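K.L.:
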Amino acid sequence: MDRDAEFTLPRGATGFFRPKDGPLPETDRRAFRAALYTAARAAGGRVGASGEQAYPRTFHRAVVEGTDGCVVLCHAHHPWIAFVPDHRDAYGEEFLAPPPWAHASADQGFTVLDHALLTRPLSEVAPSVLTPGEWSEVRFHGITTLGGVLFNAWD
Numbered sequence: 054m055d056r057d058a059e060f061t062l063p064r065g066a067t068g069f070f071r072p073k074d075g076p077l078p079e080t081d082r083r084a085f086r087a088a089l090y091t092a093a094r095a096a097g098g099r100v101g102a103s104g105e106q107a108y109p110r111t112f113h114r115a116v117v118e119g120t121d122g123c124v125v126l127c128h129a130h131h132p133w134i135a136f137v138p139d140h141r142d143a144y145g146e147e148f149l150a151p152p153p154w155a156h157a158s159a160d161q162g163f164t165v166l167d168h169a170l171l172t173r174p175l176s177e178v179a180p181s182v183l184t185p186g187e188w189s190e191v192r193f194h195g196i197t198t199l200g201g202v203l204f205n206a207w208d
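For the sequence shown, our numbering begins at 54 and goes up steadily by one.
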């Protein structure tokens with residue numbers, strides 16, 4: 054199978070858009086919160102500190118307390134979930150393997166992204182998946198991984 058076919062970057066993956074193309078899609082925040090509470094119950098924990106996406110971040114974030122303390126990221130424009138060890142405004146290679154209770158998010162319609170995909174080098178991504186302007190931002194910010202492209206705070 055072609056590795057580039059494994060995960061396609063749709064419009065809005067980087068958080069950048071051209072006004073002529075119209076607004077980016079939005080992940081349903083209520084669905085994300087519902088998935089968080091379902092995951093917390095599955096983990097035997099509870100939803101702790103959370104924060105909605107704020108410019109220029111491309112993601113919402115929350116902690117499921119009573120577990121391993123990892124932070125749950127939810128992409129603001131696509132229903133993608135990732136796990137990281139701490140709060141930051143951008144990520145590169147810090148992604149964690151999904152915990153056992155991550156299935157609860159998948160059961161709620163979210164795609165749980167794993168460590169291998171998120172830490173995939175951009176050198177393995179087909180150049181056509183990003184616009185020239187997005188590639189320029191990638192170079193300017195020194196982004197080297199797919200996860201860094203998806204979960205960022207570029208301006």
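C-beta atoms are modelled at their ideal positions from N, C-alpha and C, and glycine is treated no differently. Predicted model, so just to flag it, every value in this text is computed and none were measured.
1) Rounded C-beta distance between A87 and V117? I'm assuming under 8 Å.
2) Pick from E105, H128, T172, E146: whose alpha carbon is nearest that of G68?
3) Can the beta-carbon of A157 be found less than 7 Å from the beta-carbon of A84?
4) Going by DSSP, what residue range makes up the alpha helix (DSSP H) through G201?
5) Between R110 and the rest of its own chain, which residues show a CB-CB distance below 7 Å, the 5 nearest in sequence each way excluded?
6) Are at least three pairs of beta-carbons, each pair with one atom in the region 165 to 178 and one in the region 133 to 148, less than 8 Å apart?
7) Would you tell me roughly how many angstroms separate the C-alpha atoms of F107 and D81, rounded to the nearest one?
8) Report the option in F70, D121, G186 whose CA atom is closest to the CA atom of G98.
P.N.:
Looking at the atomic coordinates:
1) A87 to V117, Cβ: 13 Å. No contact.
2) H128
3) no
4) 199 to 203
5) D142, A206
6) yes
7) In the sequence under discussion, the amino acid at residue 107 is Ala, which differs from the Phe named in the question. Looking at the two C-alpha atoms, the distance is approximately 15 Å.
8) D121
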